[in-house]
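Protein chains in written order, with UniProt numbering: chain P, 1 to 262; chain D, 1 to 289.
Here the structure comes first, spelled out in structure tokens, and everything after it is commentary.
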Amino acid sequence: MSTLEFRNVSKEYRVRGASKLKAVDDVSFSLEPGKTIALVGQSGSGKSTIAKMLVQLERPTSGEILLDGKPVPRFGRGLRDYRRHVQMVFQDPFASLNPFHPVEHHLERPLLLHKRSTRANLDAEIEQLLTRVQLTPASEMRSRKPHELSGGQRQRVAIARALAPKPSVLIADEPVSMLDVSIRLGVLNLLGDLQREENLGVLYITHDLATARHFSDEIMVLYKGVVVESGPADDVILNPQHDYTKRLRDASPNPESQFATP
Amino acid sequence: MTDDTLLSIRDYNIVYETERPVHAVRDVNLKLQRGEILGLAGESGCGKTTLAYGINRLLRPPAVIRTGSAILHDKGGYDIDINALKVKELREYRWDKVSMVFQGAMNALNPVISIEKQLGDIFSTHRPQMSKADRREESAGLLDLIGVGRDRLRSFPHELSGGMRQRVMIAMALALKPQLMIMDEPTTALDVLVQRDILQEISELRSQFGFSVIFITHDLPLLLEISDRIAVMLQGEIVELGTAERIFRRPDHVYTERLLQSFPSLTGERGGFIRSGNDETRTKDEAIV
């Protein structure tokens, strides 16, 4: 299992008219196997920019991303190998699956591409992945098209796809914000179970402090591209040090404190 | 409940008359008080939005109001039978009496028309006697009121942030001082800080103008905080209706309990849920079937 490290990473975007926009400013953290870090902050705080850099959809302006101490290769086989280790689940399961292809196609591609399965073994591997994300009966689900699935089922397919190359790090960018409340918890619990079974390092990006606390060991609070506070989940939520963390917490609906008076 | 009832809905049924008819709203009975914020909760497809559209008479075929009545008790002292309204009366009813902030409101503004023109449209349609200068002044006042500021009058939607566009939609809904505002997931796409600001705005405006609100969302913790009463919908039926506090403390219906249990608690015990699940027997997975 591998450790993913972010060392003094910054990302600047050039904005027309204005000068440069620093989306991520000198951020460092390390994601170890078996650990979940939640990244919280409001829209535009740089959460998704960090995720994009982690999966190499963007390159840092400065700083380094290291996998097991080695910098990420920029191209070729090395980059593919990096991608095998670091996989992502996207926010919108309605946009992240190809509507023309059945479920099995989405799992077949990563399995073959990353040589996780031979053609002969493909069927068994696909059904095993589907079973792991509780899309059963797998033999029936595999031939469904995305439009025949609910939002929660689609997100399970997306999770299965991310698991296909047997990654060591999983980035989940708001994995449940597009889903119905009543099924959110099921998907999060699934992610939690998989994380424990596979000993994954998980980066859980969200603006929901309650689930961040619930499913993570640590929380990092991002504000205007800067990590303003980080620490064990309970400490950050129950005893926030930074003003911004306090504002976030006070803005989150919390019926328990509202009705706390006897 | 006598004088202060604003809206009475009785035995309301809406059916989508498709090949296999879908009974989207089932025997709904509801009384809304003047000045009340009623939360309407439930998951996708439970009929929340269909009910709201019914109250606005916005349903199109194949949706049909099968039976039942919806009566608005106007503050002028007369009753309006919403189902019986004809085209011309509908124009006087909609937006003037009942307005709506639509789901995905952020994207509901016309991208090629300025904010001023879009707000002005409301007045030129519903208050044709108003002069152009008055329309501008009213629109500017509305933008001030909801905290966008009158200097944004000339802006186009893409020049505003998501939160600001949402506020503009709320300004539109407020324009004619309606007695009821229906808000369909007005803050779902926004982050918590912007959401908090807008909720504060809504409750201040309510105390200022005294309108009632039907607030539709599936975010139960949010509803518990802002609503006076909450109605929980399941498969077209209102399965539970009560004050926010009662729903929080003693939900009657199993489904309400399940909904509450699908929200992790923010500051309670780690691993606990909003309805801190006193029955330990229920595991997490069962809670969200």
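We put the beta carbon where it would ideally sit given N, CA and C, even for glycine.
DSSP state of residue i mapped onto helix, strand, coil
i                      : result
residue 295 of chain D : Nothing in the structure corresponds to residue 295 of chain D, since chain D is present only between 1 and 289.
F215 of chain D        : strand
G231 of chain P        : strand
R270 of chain D        : coil
Q33 of chain D         : strand
K20 of chain P         : strand
H23 of chain D         : strand
residue 263 of chain P : Residue 263 of chain P is absent from the structure shown; chain P starts at 1 and stops at 262.
N121 of chain P        : coil
G151 of chain P        : helix
A175 of chain D        : coil
T248 of chain D        : For the record, residue 248 of chain D in the displayed sequence is Phe; it is not Thr. Here F248 of chain D sits in helix by DSSP.
Y93 of chain D         : helix
F209 of chain D        : helix
K48 of chain D         : helix
Y78 of chain D         : coil
E237 of chain D        : strand
I237 of chain P        : helix
D25 of chain P         : strand
E17 of chain D         : coil
L57 of chain P         : coil
Q87 of chain P         : strand
A63 of chain D         : strand
V15 of chain P         : coil
residue 264 of chain P : Nothing in the structure corresponds to residue 264 of chain P, since chain P is present only between 1 and 262.
residue 290 of chain D : Only positions 1 to 289 of chain D appear in the structure, and residue 290 of chain D is not among them; the question remains open.
With 16 other Cβ atoms within 10 Å as the buried cut-off, status of residue i
i               : result
K48 of chain D  : buried
P262 of chain P : Only weak support is given to the placement of P262 of chain P: the predicted model assigns it a pLDDT of 47, under 50, and the value that follows is read from those uncertain coordinates. P262 of chain P comes out exposed.
F100 of chain P : exposed
P264 of chain D : buried
L191 of chain P : buried
H73 of chain D  : buried
A41 of chain D  : buried
V254 of chain D : exposed
A124 of chain P : exposed
Q261 of chain D : buried
A51 of chain P  : buried
T187 of chain D : buried
A84 of chain D  : exposed
L179 of chain P : buried
R135 of chain D : buried
T49 of chain P  : buried
N56 of chain D  : buried
F123 of chain D : buried
Q200 of chain D : exposed
T18 of chain D  : exposed
T206 of chain P : buried
Y223 of chain P : buried
D11 of chain D  : exposed
L241 of chain D : buried
L117 of chain P : Per the sequence shown, residue 117 of chain P should be read as Ser rather than Leu. Buried, by the Cβ-count rule.
K11 of chain P  : buried
P61 of chain D  : exposed
beta-carbon residue i near the ligand NAD non-hydrogen atom, thresh 6 Å
i               : result
D191 of chain D : Of the ligands one can find in the structure shown there are none, so the ligand NAD has no counterpart to examine.
DSSP beta-bridge partners of residue i
i                      : result
T243 of chain D        : D:R229
D173 of chain P        : P:I205
T36 of chain P         : P:V202
L38 of chain D         : D:I214 and D:R229
M183 of chain D        : D:V101 and D:F215
A70 of chain D         : D:I9
K70 of chain P         : P:L67
L31 of chain P         : P:L4
P264 of chain D        : D:F273
residue 273 of chain P : Residue numbering for chain P in the displayed model covers 1 to 262; residue 273 of chain P lies beyond these limits and cannot be assessed.
Check whether the region 114-126 of chain D and the region 154-168 of chain D are in contact - that is, three or more C-beta pairs closer than 8 Å. yes
Note down, in chain order, all residues in the region 197-223 of chain D with a beta-carbon under 8 Å from any beta-carbon belonging to chain P. H218, D219, L220, P221 and L222
Interface residues of the region 168-193 of chain P facing chain D [CB-CB below 8 Å]: D180, V181, S182, I183, R184, L185, G186 and N189
Check whether the region 107-122 of chain P touches the region 131-140 of chain P, taking contact to mean three or more Cβ pairs, one atom from each stretch, closer than 8 Å. no
Is the region 1-20 of chain D touching the region 52-60 of chain P in the sense that three or more CB pairs, one from each, lie closer than 8 Å? no
With contact counted as at least three CB pairs below 8 Å, one residue from each stretch, are the region 248-255 of chain P and the region 220-236 of chain D in contact? yes
Report yes or no: do the region 62-79 of chain P and the region 184-198 of chain P share at least 3 C-beta pairs separated by less than 8 Å? no
Give a yes or no on contact between the region 14-31 of chain D and the region 238-252 of chain P, applying the rule of three or more CB pairs nearer than 8 Å. no
With a threshold of 8 Å, are at least 3 pairs of Cβ atoms found where one atom belongs to the region 193-208 of chain P and the other to the region 136-156 of chain P? no
Is the region 64-76 of chain P touching the region 90-98 of chain P, taking contact as three or more C-beta pairs under 8 Å? no
Could you say if the region 136-149 of chain P and the region 165-183 of chain P meet the contact criterion of at least three C-beta pairs nearer than 8 Å? no
Interface residues of the region 30-47 of chain P facing chain D [CB-CB below 8 Å]: Q42 and S43
Should the region 178-193 of chain D be called in touch with the region 94-106 of chain D, which here means at least 3 C-beta pairs below 8 Å? yes
Could you tell me whether the region 27-39 of chain P touches the region 204-217 of chain P, where touching means 3 or more Cβ pairs closer than 8 Å? yes
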